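Asks: 285 is the number of the first residue of the sequence shown in my numbering; add one for each residue after it.
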Amino acid sequence: MASLEGAFSKALWDLGFREWAYQVIRTDALPDEKPLILTTFSDAWYNHYIDSGYHRVDPVILNGPNQVAPFTWSAMSFGVESSPAQRRLFAEAAEYGVGEGVGIPIHGARGALAMASMVSDHGTESLDRLMSTVGHDVHLLSLAFHNHARELLALGRMGRTTVSLTPRERECLLWTAAGKSAWQTAQILGISHRTVYFHLENVRSKMGVTNVYHAVMKAIMEGIISP
285 MASLEGAFSK ALWDLGFREW AYQVIRTDAL PDEKPLILTT FSDAWYNHYI
335 DSGYHRVDPV ILNGPNQVAP FTWSAMSFGV ESSPAQRRLF AEAAEYGVGE
385 GVGIPIHGAR GALAMASMVS DHGTESLDRL MSTVGHDVHL LSLAFHNHAR
435 ELLALGRMGR TTVSLTPRER ECLLWTAAGK SAWQTAQILG ISHRTVYFHL
485 ENVRSKMGVT NVYHAVMKAI MEGIISP
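#1: Distance, Cα to Cα, His483 vs Glu453?
#2: Confirm, please, whether the CB-CB distance from Ser401 to Trp297 is below 8 Å.
#3: Which one or two residues does DSSP pair with Met402 in a beta bridge?
#4: Could you have a look at Thr494 and say whether DSSP puts it in helix, strand or coil?
#5: For the beta strand (DSSP E) that contains Ile475, what are its first and last residues?
#6: Which of the three DSSP states is assigned to Leu439 in this structure?
#7: What first and last residue would you give for the beta strand (DSSP E) that runs through Thr323?
#8: Keeping to the same chain, check which residues put their C-beta closer than 8 Å to that of Gly348; ignore five residues upstream and five downstream.
#9: If I measure Cβ to Cβ from Gly392 and keep anything under 8 Å in the same chain, skipping five residues before and after, which residues do I get?
#10: Decide yes or no for the touch test of the region 456–463 against the region 478–493: beta carbon pairs closer than 8 Å, at least 3 of them.
#11: Between which two residues does the alpha helix (DSSP H) carrying Val344 extend?
#12: Looking at Gln307 and Leu288, is the spacing between their C-beta atoms short of 8 Å?
#13: Pull up the distance between the alpha-carbon of Tyr330 and that of Ala375, whole angstroms please.
#14: I need the straight-line Cα distance from Pro343 to Val447, nearest angstrom please.
#15: For Ile334, I'd like the list of residues in its chain whose CB is within less than 7 Å of its CB, leaving aside the five on either flank, ordered along the chain.
#16: Mapping DSSP to helix, strand and coil, what is Leu296?
#17: Going by other Cβ atoms of all chains shown within 10 Å of its Cβ, with 16 needed for buried, is Leu439 buried or exposed?
#18: Quick check on Gly407: buried or exposed, where buried means 16 or more other Cβ atoms within 10 Å of its Cβ?
#19: Run through DSSP, which three-state label would Leu397 get?
#20: Measuring straight from C-alpha to C-alpha, what distance separates Gly474 and Ile509?
#21: Grab me the residues of Leu299's own chain with a C-beta within less than 7 Å of its C-beta, minus the 5 sequence neighbours each way, in chain order.
#22: With Trp357 and Glu384 assumed to form a contact (beta carbons below 8 Å), what rounded beta-carbon distance in angstroms separates them?
#23: Is it the case that the Cβ atoms of Phe292 and Ser404 are separated by a distance below 8 Å?
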């Protein structure tokens with residue numbers, strides 16, 4: 285996955301985009317579940333986005349899957365007035381350096397839904413011009429990333445033994461998938477938050493990923509956990 289993410293980043297950079305996020309849209313997700321996201325956005329912005337609950341009101345995620353073609357964030361209200369929380373989301377995103385971007389809706393096999401988002405340093409008008417030139421390439425690139433990611437995970441399931449997690453590691457990962465912080469998980473399990481961090485770091489290492497949220501995403505897609 286790391287090499288795929290690196291190739292995706294480079295290809296997008298060559299097309300004029302500096303950061304990206306890829307999110308699996310789960311229609312059966314519980315209200316408190318953290319979204320399944322791969323991203324190159326800063327940890328500061330990602331953590332603020334999740335902690336503020338913006339994944340529950342983000343119009344790119346809520347409305348984007350209903351679209352077929354790529355769209356710019358500034359044009360994606362689709363005739364619906366933004367809520368105060370949504371306006372606050374975009375205002376605070378800009379403060380973190382996440383300005384104008386585009387959304388790429390992905391409709392995969394067997395009803396699978398995902399959303400790819402890219403951020404550029406271009407303003408709205410300049411981004412519109414950029415997309416008129418490279419929009420088709422960005423769309424195809426996002427579809428290819430989605431398909432290859434799923435293929436890699438499928439090959440991983442067939443080609444190697446499933447990662448073996450201890451009961452406590454699995455519990456910590458499941459509560460993380462349910463949207464609980466390390467402190468909340470510690471309270472639920474009756475252990476210290478440092479112990480929770482210890483188990484989650486073991487999970488991250490075993491699964492060969494860069495952060496615990498990537499571990500959650502990979503574990504769900506590989507069937508290791510079922511939140």
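Glycine included, each C-beta is placed from N, C-alpha and C at the ideal position. Because the structure is a prediction, the values reported are computed rather than measured.
Replies: In terms of the structure at hand:
#1: The straight-line gap from Cα to Cα measures roughly 5 Å.
#2: No. Outside cutoff.
#3: In the DSSP secondary-structure assignment, Met402 is bridged to Trp304, Val386.
#4: Under the three-state reduction of DSSP output, Thr494 falls in the coil class, being neither helix nor strand.
#5: Unbroken run through Ile475: none, as it is neither H nor E.
#6: Residue placement at Leu439 is flagged as unreliable, the pLDDT there being 49, under the threshold of 50; the coordinate-derived value follows with that caveat. It is helical.
#7: In the DSSP annotation of this structure, the continuous segment of the beta strand (DSSP E) that includes Thr323 starts and ends at 320–323.
#8: For Gly348, where only same-chain residues beyond five positions count, the Cβ hits under 8 Å are Phe355, Met360, Gly387, Pro389, Met399.
#9: Around Gly392: Ala398, His430, Asn431, Arg434.
#10: The region 456–463, when compared against the region 478–493, does touch it at the 8 Å Cβ threshold.
#11: Unbroken alpha helix (DSSP H) run through Val344: 343–347.
#12: Cβ atoms of Leu288 and Gln307: not closer than 8 Å.
#13: About 15 Å.
#14: In this structure, the alpha-carbon of Pro343 lies about 35 Å from that of Val447.
#15: Cβ neighbours of Ile334 beyond the five flanking positions: Lys318.
#16: Reduced to three states, the DSSP call for Leu296 is helix.
#17: With a pLDDT of only 49 at Leu439, under 50, the local geometry of the prediction cannot be trusted, and the value read off the model is given with reservation. With fewer than 16 other Cβ atoms within 10 Å, it is exposed.
#18: So Gly407 ends up on the exposed side.
#19: Secondary structure at Leu397: strand, using DSSP grouped into helix, strand and coil.
#20: Whole-angstrom Cα-Cα distance: 21 Å.
#21: Around Leu299, the same chain offers Val418, Asp421, Val422 as residues with beta carbons nearer than 7 Å, after the five sequence neighbours per side are excluded.
#22: Contact between Trp357 and Glu384 holds, since their C-beta atoms are separated by about 6 Å, short of 8 Å.
#23: The Cβ-Cβ distance between Phe292 and Ser404 does not fall below 8 Å.
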